[in-house]
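Take a look at the structure below.
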Amino acid sequence: MIKILRTLIKKTKSVATNTSMEQLSIGWYEPLSANKLLSSPLRQQYLKTIWQNVSMEPQMFNVLYKTPIEKYAEIVQLLPASESHHHSHIGGMLDHGLEVISIATKLRQSYILPQNSAPEEQAKQRDVWTAVVIYAALLHDIGKIAVDIEIILQNGARWFPWQGKPAQPYNFRYIKNRDYSLHSILGSFFANNLIPKEAFDWVAPFPQAFSSLMYFISGHPDKSGVLSEIIQRADQISVTMALGGDPSKLSEKTKLSFAKQLHIALRNVVEKFKLNSPKGGCDGWLTEDGLWLMSKSTADNIRSYLMLQGVSVPAQNGKIFDELQTHRLIQKTDNATAIWNGRVISNAGWAPPKPFTLLKVSPEIIWDNLDDRPEVFDGRIDIVNEKGEVTTATALKFEPTETLETETSELVVQNEEQEQFITTTKTVSNDLVLSGENFHKSNESMEIDYVLDMFSPVTERVLQDSNIYEPAFNETVNITQENSTQITTSEQKYLGDVAQLTQDSPKIYNEHSIDAQKFIQWVKAGVLSGRLVINRPNAKLHIVEKHIFLVTPSIFQLYLKEVANSTDKKSWELLQKQFQNLGVHKRQHTSDDSRNIWTCSIVGPNKQSFLNGYLIEDVKLFIGDKILLNNQWLKLQGDLQ
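For the sequence shown, UniProt numbering assigns the number 1 to the initial residue and increments by one for each residue that follows.
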């Protein structure tokens with residue numbers, strides 16, 4: 001039967017495709033009747049196959065099966081079955097649906113149902129289980145046209161499948177960022193529209209058959225038993241034939257979803273890749289920002305791996321990239337594309353003049369355990385645009401080129417890998433880009449691993465007061481005489497202020513040009529615009545005990561670097577003094593002393609390190625009316641009074 005279907009697919013073009021070329025050229029499609037939609041030789045062959053595997057008189061066949069199929073045809077019309085994978089042609093949904101039904105009815109003949117029942121009971125329920133298989137196959141993908149595709153009628157109104165056959169010409173587009181698991185639970189919703197009540201009356205007295213059908217069309221294949229196996233095998237065969245694969249290589253056992261197969265393939269490919277070579281000759285680089293892979297070699301190796309497993313896979317790399325992006329196995333660029341252009345610069349001196357085309361993958365996708373990851377690449381990757389201009393720079397593991405005095409420390413740690421989240425006692429030369437300045441992390445999943453990944457293993461140390469730069473509270477400095485309440489104006493003002501600040505030409509700051517009030521404006525504008533993140537890795541602001549915790553000195557260093565392109569130590573020390581003299585922070589009182597700087601411990605399993613910063617009770621001063629929860633991974637040292 002499969003050979004016959006394959007021959008028909010090669011020789012027969014969908015009549016819908018042929019008759020709609022005129023509409024296709026202008027993007028609109030005329031609603032067709034069920035008779036016209038089902039009139040092609042290929043679709044007639046599908047109907048004939050279904051009829052041959054169902055033993056009942058024609059009148060009953062029409063009521064129980066043909067009429068539901070005709071209703072299905074008028075709902076799906078000329079819509080494709082997928083955006084860029086199998087049956088993505090015009091009319092692909094109908095072709096795929098009929099093909100899965102015909103294959104499933106054929107596969108059903110090799111199963112004796114219900115399983116583990118007496119022969120007479122199996123004979124009694126033979127036709128009931130055939131009906132269950134047909135209805136499950138009919139409904140398995142119908143939810144896609146409701147939640148994956150947006151269909152617009154010629155009058156501008158949106159059409160939904162529960163409205164019946166479209167009354168006007170229509171066009172369609174796939175919905176971005178759609179939920180790929182939603183369509184499978186909508187089968188039960190459409191069942192009442194397609195399956196006749198007589199069929200429900202017939203199947204319902206048989207609890208096992210009825211429950212299997214209800215579970216499957218409600219998105220619970222794990223509870224539908226052998227019915228799920230039949231439909232998934234039929235679906236796999238249909239997809240394999242559509243993509244030019246060999247159905248004979250499909251195993252009898254139900255396979256994993258294509259998304260899972262892609263994930264496994266990607267992990268297998270990366271496992272065999274050479275990573276982080278300092279002088280070239282490798283396929284990827286692991287940075288603090290993510291795993292960067294050569295796009296072409298990754299796609300080619302994924303295709304090779306899947307083909308060896310008997311899995312059908314698109315021949316074009318572009319479609320593989322689309323699938324990886326669709327299933328969120330790679331991260332998209334700011335332009336929502338899969339390919340990043342990156343210039344690799346190694347600290348060993350290797351720096352190819354031309355950028356590479358790269359895929360960006362979250363390390364959690366590849367490695368479940370932090371200990372399994374390789375060392376971070378000793379160098380950096382600059383992301384460039386089409387003109388070759390650097391748009392963002394990814395800071396990677398590096399050795400400091402210059403060591404300054406160690407009186408300033410945001411954390412006292414020994415592990416170099418902490419550099420992503422903290423500023424250590426070593427200061428890096430200005431031509432290196434600090435990873436702490438990258439505020440646009442896209443990894444939102446795997447929360448526990450993600451949060452714990454912020455804190456590399458470190459040796460717990462006792463924080464010495466002498467290592468913290470804390471200006472004398474009454475030290476005389478030049479302060480712009482502005483009332484602190486002036487910063488509580490509209491959000492738009494702050495966004496404008498920070499834009500103006502960042503447009504100022506770079507200059508060396510001195511004690512007459514530094515302004516702590518403008519620093520507060522910059523922080524608030526950054527929070528309101530989303531540039532400055534809170535309670536995240538690399539964040540310079542956290543919520544601790546319902547107070548704002550400003551990480552010092554990095555928040556002041558970051559301000560001067562962005563606004564004035566200055567990393568001068570004297571400048572940020574002066575800015576910190578000015579801020580401290582504003583008196584907006586809370587001092588820490590002990591039994592015999594008081595101090596300006598507070599300490600927070602970063603808590604993780606078998607890990608502990610520290611952050612230093614200012615504690616501000618007036619949260620609105622920095623974040624406006626935003627409502628945020630305490631960072632559960634930070635614990636304030638000392639008592640609030």
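Backbone N, C-alpha and C define an ideal beta-carbon position, used for all residues, glycine too.
Residue burial classification, residue i (beta-carbon count within 10 angstroms, cutoff 16)
| i | result |
| --- | --- |
| W598 | buried |
| K48 | exposed |
| R43 | buried |
| T391 | exposed |
| D141 | buried |
| D593 | exposed |
| T590 | exposed |
| A315 | exposed |
| S181 | exposed |
| G280 | exposed |
| N301 | buried |
| Q580 | buried |
| N631 | buried |
| N385 | exposed |
| P374 | exposed |
| N335 | exposed |
| M60 | exposed |
| E288 | buried |
| G284 | buried |
| E99 | buried |
| P363 | buried |
| D372 | exposed |
| S55 | exposed |
Contacts around residue i, its chain only, beta-carbon distance under 6 Å, and the 5 residues preceding and following it disregarded
| i | result |
| --- | --- |
| E74 | A34 and K165 |
| P161 | I75, I145 and A146 |
| K176 | none |
| L582 | A516 |
| P221 | S228 |
| S82 | S88 |
| G92 | P80 and A81 |
| R267 | I366 |
Rounded Cβ spacing between residue i and residue j (contact assumed at less than 8 Å)
| i | j | result |
| --- | --- | --- |
| A137 | I217 | Rounded, the Cβ-Cβ distance is 10 Å, inconsistent with contact. |
| C600 | V533 | About 17 Å; that fails the 8 Å criterion. |
| S346 | G379 | 4 Å |
| L291 | V361 | 4 Å |
| L560 | S566 | 5 Å |
| K540 | L558 | 6 Å |
Contact set for residue i: own chain, Cβ-Cβ below 8 Å, skip 5 residues either direction
| i | result |
| --- | --- |
| V226 | Y111, L113, Q115 and S212 |
| F321 | S295, A299, I330, A338, I339 and L359 |
| R158 | E150, I151 and I152 |
| S257 | none |
| S25 | Below a pLDDT of 50, predicted positions are generally treated as unreliable, and S25, at 48, falls in that range; no measurement from the model is reported. |
Residue i and residue j closer than 9 Å at C-beta
| i | j | result |
| --- | --- | --- |
| V551 | N612 | yes |
| G143 | G97 | no |
| Y174 | L153 | no |
| P196 | L64 | yes |
| V132 | F210 | yes |
| H86 | S312 | yes |
| L139 | A191 | yes |
| L79 | F172 | yes |
| N62 | T130 | no |
| F549 | L575 | no |
| L262 | H327 | yes |
| R178 | D148 | yes |
| G219 | S184 | yes |
| Q578 | I627 | no |
| N535 | L629 | yes |
| Q77 | Y29 | yes |
7 Å CB neighbourhood of residue i in its chain, flanking five on each side removed
| i | result |
| --- | --- |
| G318 | none |
| V603 | W633 and K635 |
| Q325 | K332 and A338 |
| V584 | S484, I616, D618 and L621 |
| I103 | A234, I237 and S238 |
| L640 | E545 |
| D382 | G342, R343, I345, V390 and A393 |
| K223 | Y215 |
| T502 | Low confidence applies here, because T502 scores a pLDDT of 45, under 50, leaving its location unreliable; read the following figure in that light. Counting only Cβ-Cβ distances below 7 Å, and skipping sequence neighbours, we find E562 and V563. |
| Q109 | N53 |
Q: Indicate whether the contact test is met: 3 or more Cβ pairs, each with one atom in the region 62-78 and one in the region 28-47, closer than 8 Å.
A: yes
| message | Three or more C-beta pairs under 8 Å: does that hold for the region 302-320 against the region 349-356? | response | no
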